[in-house]
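Visitor: Here you go, one structure.
Protein chains: 4
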Amino acid sequence: MFKEQDNTLYAQFGFKDFKEAFSFMTHVAFLAEQHHHHPNWSNVWNTVDIHLTTHDAGNTVTQKDYDLAKDIEAVYQKYVG
Amino acid sequence: MFKEQDNTLYAQFGFKDFKEAFSFMTHVAFLAEQHHHHPNWSNVWNTVDIHLTTHDAGNTVTQKDYDLAKDIEAVYQKYVG
Amino acid sequence: MFKEQDNTLYAQFGFKDFKEAFSFMTHVAFLAEQHHHHPNWSNVWNTVDIHLTTHDAGNTVTQKDYDLAKDIEAVYQKYVG
Amino acid sequence: MFKEQDNTLYAQFGFKDFKEAFSFMTHVAFLAEQHHHHPNWSNVWNTVDIHLTTHDAGNTVTQKDYDLAKDIEAVYQKYVG
Numbered sequence: 001m002f003k004e005q006d007n008t009l010y011a012q013f014g015f016k017d018f019k020e021a022f023s024f025m026t027h028v029a030f031l032a033e034q035h036h037h038h039p040n041w042s043n044v045w046n047t048v049d050i051h052l053t054t055h056d057a058g059n060t061v062t063q064k065d066y067d068l069a070k071d072i073e074a075v076y077q078k079y080v081g
Numbered sequence: 101m102f103k104e105q106d107n108t109l110y111a112q113f114g115f116k117d118f119k120e121a122f123s124f125m126t127h128v129a130f131l132a133e134q135h136h137h138h139p140n141w142s143n144v145w146n147t148v149d150i151h152l153t154t155h156d157a158g159n160t161v162t163q164k165d166y167d168l169a170k171d172i173e174a175v176y177q178k179y180v181g
Numbered sequence: 201m202f203k204e205q206d207n208t209l210y211a212q213f214g215f216k217d218f219k220e221a222f223s224f225m226t227h228v229a230f231l232a233e234q235h236h237h238h239p240n241w242s243n244v245w246n247t248v249d250i251h252l253t254t255h256d257a258g259n260t261v262t263q264k265d266y267d268l269a270k271d272i273e274a275v276y277q278k279y280v281g
Numbered sequence: 301m302f303k304e305q306d307n308t309l310y311a312q313f314g315f316k317d318f319k320e321a322f323s324f325m326t327h328v329a330f331l332a333e334q335h336h337h338h339p340n341w342s343n344v345w346n347t348v349d350i351h352l353t354t355h356d357a358g359n360t361v362t363q364k365d366y367d368l369a370k371d372i373e374a375v376y377q378k379y380v381g
């Protein structure tokens, strides 16, 4: 679901409502802490936009971004599966 | 999943890990606020125990408990489905 | 802290780290549900940007935005006080 | 605030309302993940009870418990300070 766009990995995730969107965000927040890698993300109601990029590598996409993206996608499967 | 037990509705919910358990708890927290009805609940690692009872009705099970229980069960389906 | 900017109420909130920022976001999420009014917000590490506007009023600032802004500011005082 | 009780470190934390209690729990959840050490905890409305013990050490209190307790107490100061 994540795709390279402007030197970030980007994906948009849709949910039933705000409650579900924010519960997903909570799960992603745990993943970010675990990976020591945090997203640039935004939310409006039932939609979550996530950009992943590595600041320490000059804001380019690195393996750290691919690793976090993979874990986020696995969590999202729970919500839409 | 919820069953009457000692004048409460009680259920135990299992998850893959703590991250998933707490994300579920976040969703339940929103439901509790929405229902103006809050659980007596506990968590250890990947397990969440929820007791529902109505204090204002002398700690008996009322329709408020059944309504919240139903919404919690629907959310749990997302995690185990 | 919130100020009118481009037909929204806008504020930026700073925190010690991501953990603190996301705990604040969780509190704001409850307020949003309570007000039936949800922010357009983003987060990077220890910074949270919040824009409030009323879609149903043609994306202008209304009393709903001022009311939610006031409650968010009160919560933020806890974190910086 | 935490005190030894029945081979655990135990403390009870009070808040203004459920929103504040659960935001605190979210912060504690991040700490638990960071410490790779998770509490046995429960919540009712504005009250959070936390027991810390080390399963791998035969359910006794170890340095892991003291370390997590110290971080939890520091977070709580934000809410009551």
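Going down the list, the sequences are from chains F, E, Z and G. Heads up: the first sequence runs through residues 1 to 81, numbered per my numbering. Heads up: the second sequence runs through residues 101 to 181, numbered per my numbering. Heads up: the third sequence runs through residues 201 to 281, numbered per my numbering. Heads up: the fourth sequence runs through residues 301 to 381, numbered per my numbering. Backbone N, C-alpha and C define an ideal beta-carbon position, used for all residues, glycine too.
Could you tell me the boundaries of the beta strand (DSSP E) in which aspartate 149 (chain E) lies?
Guide: Along the second sequence, one-based indexing puts residue 149 (chain E) at 49. Looking at the DSSP string, the run of the beta strand (DSSP E) that includes aspartate 149 (chain E) is 147-152.
Visitor: Between glutamate 320 (chain G) and chain F, is there a C-beta pair that is closer than 8 Å?
Guide: Along the fourth sequence, read from residue 1 onward, the residue named residue 320 (chain G) stands at position 20. So no, glutamate 320 (chain G) is outside the interface.
Visitor: Of all the options E:Ala174, E:His155, E:Asn143, which has the alpha carbon lying nearest to the alpha carbon of glutamine 112 (chain E)?
Guide: On the second sequence, position 12 is the one that residue 112 (chain E) refers to. It is E:Asn143 whose Cα lies nearest to the Cα of glutamine 112 (chain E).
Visitor: Does the CB of asparagine 207 (chain Z) have a neighbour CB from chain F at under 8 Å?
Guide: Along the third sequence, one-based indexing puts residue 207 (chain Z) at 7. No, asparagine 207 (chain Z) does not count as interfacial toward chain F.
Visitor: With a Cβ-Cβ cutoff of 8 Å, do aspartate 267 (chain Z) and histidine 235 (chain Z) count as a contact?
Guide: Residue numbering aside, residue 267 (chain Z) sits at position 67 when the third sequence is read from its first letter. Residue numbering aside, residue 235 (chain Z) sits at position 35 when the third sequence is read from its first letter. In this structure, histidine 235 (chain Z) lies closer than 8 Å to aspartate 267 (chain Z) by Cβ.
Visitor: Counting only beta-carbon atoms, is asparagine 59 (chain F) nearer than 8 Å to chain Z?
Guide: Along the first sequence, read from residue 1 onward, the residue named residue 59 (chain F) stands at position 59. It does not: the Cβ of asparagine 59 (chain F) has no partner Cβ on chain Z nearer than 8 Å.
Visitor: Who are the near neighbours of valine 61 (chain F) in its chain, counting only those whose CB is closer than 8 Å to its CB and skipping five residues on each side?
Guide: Within the first sequence, numbered from 1, the residue matching residue 61 (chain F) stands at position 61. Glu4, Asn7, Thr8, Leu9, Leu52, Thr53, Thr54, listed in sequence order.
Visitor: Comparing alpha-carbon positions, which option in E:Gln177, E:Leu131, E:Met125, E:Tyr176 lies nearest lysine 184 (chain E)?
Guide: What the structure shows of chain E is the stretch from 101 to 181, and residue 184 (chain E) is not part of that stretch, so it cannot be assessed.
Visitor: Please state whether the Cβ-Cβ distance between histidine 227 (chain Z) and glutamate 320 (chain G) is less than 8 Å.
Guide: By 1-based counting over the third sequence, the position of residue 227 (chain Z) is 27. By 1-based counting over the fourth sequence, the position of residue 320 (chain G) is 20. The answer is yes: Cβ separation under 8 Å.
Visitor: What residues in its chain sit with their C-beta under 7 Å from that of asparagine 259 (chain Z), if we drop five residues either side in the sequence?
Guide: Position 59 of the third sequence holds residue 259 (chain Z). Here the set comprises Asn207, Thr253.
Visitor: Is there at least one Cβ from chain G nearer than 8 Å to phenylalanine 230 (chain Z)'s Cβ?
Guide: Locating residue 230 (chain Z) in the third sequence gives position 30, where the first residue counts as 1. At least one chain G Cβ lies under 8 Å of phenylalanine 230 (chain Z).
Visitor: Which bits of chain E does glutamine 234 (chain Z) rub up against, with CB to CB less than 7 Å?
Guide: As a first step, residue 234 (chain Z) is located in the third sequence; it is residue number 34 there, counting from the start. The contacting residues are Glu133.
Visitor: Check whether the Cβ atoms of lysine 278 (chain Z) and lysine 378 (chain G) sit closer than 8 Å, and answer yes or no.
Guide: As a working note, residue 278 (chain Z) is residue 78 in the third sequence. As a working note, residue 378 (chain G) is residue 78 in the fourth sequence. Yes. Within cutoff.
Visitor: Give every residue of the same chain whose Cβ lies closer than 6 Å to the Cβ of phenylalanine 22 (chain F), excluding the five residues on either side of it in the sequence, and list them in chain order.
Guide: Within the first sequence, residue 22 (chain F) is the residue found at index 22, counting from 1. Closer than 6 Å at the Cβ level, and outside the excluded window around phenylalanine 22 (chain F), lies no residue.
Visitor: Of all the CB atoms in chain G, is at least one closer than 8 Å to the CB of tyrosine 276 (chain Z)?
Guide: Position 76 of the third sequence holds residue 276 (chain Z). False, the Cβ-Cβ gap to chain G never drops below 8 Å.
Visitor: Out of Z:His238, Z:Trp241, Z:Asn246, Z:His237, point me to the one whose CA is closest to histidine 38 (chain F)'s CA.
Guide: Within the first sequence, the letter at position 38 stands for residue 38 (chain F). Out of Z:His238, Z:Trp241, Z:Asn246, Z:His237, Z:Asn246 has the C-alpha closest to the C-alpha of histidine 38 (chain F).
Visitor: Would you mind stating whether phenylalanine 315 (chain G) and phenylalanine 324 (chain G) have Cβ atoms separated by less than 8 Å?
Guide: Numbered from 1 along the fourth sequence, position 15 holds the residue referred to as residue 315 (chain G). Numbered from 1 along the fourth sequence, position 24 holds the residue referred to as residue 324 (chain G). It is a contact, given that the beta carbons lie within the stated cut-off.
Visitor: Considering only C-alpha positions, which residue in the set F:Ile50, F:Val48, F:Asn40 is nearest to valine 248 (chain Z)?
Guide: For the purposes of this step, residue 248 (chain Z) is identified with residue 48 of the third sequence, where counting begins at 1. Out of F:Ile50, F:Val48, F:Asn40, F:Asn40 has the C-alpha closest to the C-alpha of valine 248 (chain Z).
Visitor: Taking CB distances under 8 Å as the criterion, tell me whether histidine 327 (chain G) reaches chain Z.
Guide: For this step, residue 327 (chain G) is matched to residue 27 along the fourth sequence. So, interface residue.
Visitor: Using the Cα positions of methionine 1 (chain F) and valine 380 (chain G), report the straight-line distance between them to the nearest angstrom.
Guide: Your numbering for residue 1 (chain F) matches position 1 in the first sequence. Your numbering for residue 380 (chain G) matches position 80 in the fourth sequence. Rounded to the nearest angstrom, the two C-alpha atoms are 43 Å apart.
Visitor: Would you tell me roughly how many angstroms separate the C-alpha atoms of isoleucine 150 (chain E) and alanine 329 (chain G), rounded to the nearest one?
Guide: Residue mapping note: residue 150 (chain E) aligns to position 50 of the second sequence, counting from 1. Residue mapping note: residue 329 (chain G) aligns to position 29 of the fourth sequence, counting from 1. Each residue's alpha carbon lies about 18 Å from the other.
Visitor: Keeping to the same chain, check which residues put their C-beta closer than 8 Å to that of valine 175 (chain E); ignore five residues upstream and five downstream.
Guide: Stepping through the second sequence from its first residue, residue 175 (chain E) is reached at position 75. Result list for valine 175 (chain E): Phe124, His127, Val128, Leu131, in chain order.
Visitor: Any residues in the stretch 38-55 of chain F with a beta carbon nearer than 7 Å to a beta carbon of chain Z? Which ones, in chain order?
Guide: Answer in chain order: His38, Asn40, Trp41, Ser42, Asn43, Val44, Trp45.
Visitor: Look at the alpha carbon of glutamate 333 (chain G) and the alpha carbon of glutamate 33 (chain F), and state the distance between them as a whole number of angstroms.
Guide: Taking the first residue of the fourth sequence as 1, we reach residue 333 (chain G) at position 33. Taking the first residue of the first sequence as 1, we reach residue 33 (chain F) at position 33. C-alpha separation (whole angstroms): 8 Å.
Visitor: Of all the alpha helix (DSSP H) runs that stay within the bounds of the stretch 112-140 of chain E, which reach a length of 4 or more residues?
Guide: Qualifying alpha helix (DSSP H) stretches, in chain order: 118-135.
Visitor: For aspartate 280 (chain Z), which three-state DSSP category applies?
Guide: Working through the third sequence from its first residue, we reach residue 280 (chain Z) at position 80. Checking the displayed sequence, the identity of residue 280 (chain Z) turns out to be valine instead of aspartate. Valine 280 (chain Z) falls in the helix class under three-state DSSP.
Visitor: Can you pull the DSSP bridge partners for asparagine 343 (chain G)?
Guide: Looking up residue 343 (chain G) in the fourth sequence gives position 43. In DSSP, asparagine 343 (chain G) forms a bridge with E:Trp141, G:Val348.
Visitor: Using a Cβ cut-off of 7 Å, pull out every chain G residue sitting near isoleucine 279 (chain Z), in sequence order please.
Guide: As a working note, residue 279 (chain Z) is residue 79 in the third sequence. It is tyrosine, not isoleucine, that sits at residue 279 (chain Z) in the sequence shown. Lys378, listed in chain order.
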